[in-house]
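In the UniProt record's numbering, the protein residues as written are 1 to 317.
Okay, here's the thing in structure tokens:
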């Protein structure tokens, strides 16, 4: 197995490419933080709500130096790769099948032939498999422990403990716009089983050229409802309008007295509300779209004609 590391500047590499052997990728569950309040004279306590706070990921690794004198070089290379104040993304990689030798009975009447995956006799070994992405999810993490490398002759062993930063969730590598009109998404390693995908690729529509029946599917199992979650909803105006109002899942959003022109692009991006890259936040009712798990619906008010684009990152427990 292996771990893919993607730095925030875009540099991407695996631990294996640096000569580091990965033995496991242990993802811990979400840490839940709950607030309670005691009331004098009443039994029990009141539940004031819970939030997901963080999660940890442990990765036991080792390396083998060519010579005893090279041990510090490999140790320092490990430090350089995983010690980063800004954090980085990590992805889990595994082999589809166990790496092993092919055993044959060369003394029997089979002549050393074996059966392939189609149940046909063959003299060729079963192809060995390489590490590949185990899912289309990634984690944004920072190293949380002090690495202690233990040495046994030329071999070094260490335990890397990562902690999520910002959000505690796994997130999709790609966004929903990559699913739009993509009938081959199931062959991609960036979308995989366990990510809430529907079998009908026609359900993945995230570009709309109408004002009614704007319904779209969000595959994540954590709602995309915070300003620090990646989501972009864009409206391109096909007609002039002084004010633009819409609702998404019964949340009312207004941007008034802006004077939108044909071709203008109104974008909701995190905490920002932009018209042609200029902030119109003060002209709004300071409300941002919230995306729920499953199907979502947008209703455009007052028959304003727009094109709608929805691009979401998906989040998972």
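The C-beta atom is built at its ideal place from N, Cα and C for all residues, glycine as well.
Determine the closest residue to residue 290 out of 313, 280 and 305, with distance taken between C-alpha atoms.
For the residues 313, 280 and 305, the minimum Cα distance to residue 290 belongs to 313.
State the Cα-Cα distance for the pair residue 299 and residue 206, rounded to the nearest angstrom.
Cα-Cα distance, rounded: 15 Å.
How big is the Cα-Cα spacing for residue 232 and residue 178?
Each residue's Cα considered, the two are about 13 Å apart.
Should residue 35 be labelled buried (16 or more other beta-carbon atoms within 10 Å of its own) or exposed?
Exposed, since its Cβ has fewer than 16 Cβ neighbours within 10 Å.
Relative to the C-alpha of residue 257, which residue among 159, 274 and 280 is closest?
That would be 280, whose Cα lies nearest to the Cα of residue 257.
From residue 337 to residue 294, what distance separates their C-alpha atoms?
Absent from the structure is residue 337, since the part of the chain shown begins at 1 and ends at 317.
Measure the C-alpha to C-alpha separation of residue 334 and residue 249 and round it to an integer number of angstroms.
Given a span of 1 to 317 for the chain in the structure shown, any question on residue 334 remains unanswerable.
For residue 56, list the residues DSSP reports as bridge partners.
Answer by DSSP bridge pairing, in chain order: 163.
Between 182, 84, 215 and 274, which lies nearest to residue 199 when the distance is taken from Cα to Cα?
Closest by alpha carbon: 182.
Leaving out five residues before and five after residue 194 in sequence, what residues of the same chain have Cβ atoms less than 7 Å from its Cβ?
Correct list, in chain order: 135.
Determine, using beta-carbon pairs with one atom in the region 165 to 177 and one in the region 301 to 308, whether at least three such pairs fall under 8 Å.
Too few Cβ pairs lie closer than 8 Å, so no.
Residue 161 and residue 58 - do their beta-carbons sit closer together than 8 Å?
Going by C-beta atoms, residue 58 is nearer than 8 Å to residue 161.
Here's a check: name, in chain order, each residue in its chain whose Cβ is nearer than 6 Å to the Cβ of residue 297, leaving out the five neighbours to either side.
Counting only Cβ-Cβ distances below 6 Å, and skipping sequence neighbours, we find 215.
Assign residue 93 to one of two classes, buried (16 or more other C-beta atoms within 10 Å of its C-beta) or exposed (fewer than that).
Classification for residue 93: buried.
Here's a check: name, in chain order, each residue in its chain whose Cβ is nearer than 7 Å to the Cβ of residue 2, leaving out the five neighbours to either side.
Closer than 7 Å at the Cβ level, and outside the excluded window around residue 2, lie 14, 15, 16, 22, 93 and 131.
Does the separation of the CB atoms of residue 234 and residue 309 fall below 8 Å?
Cβ atoms of residue 234 and residue 309: closer than 8 Å.
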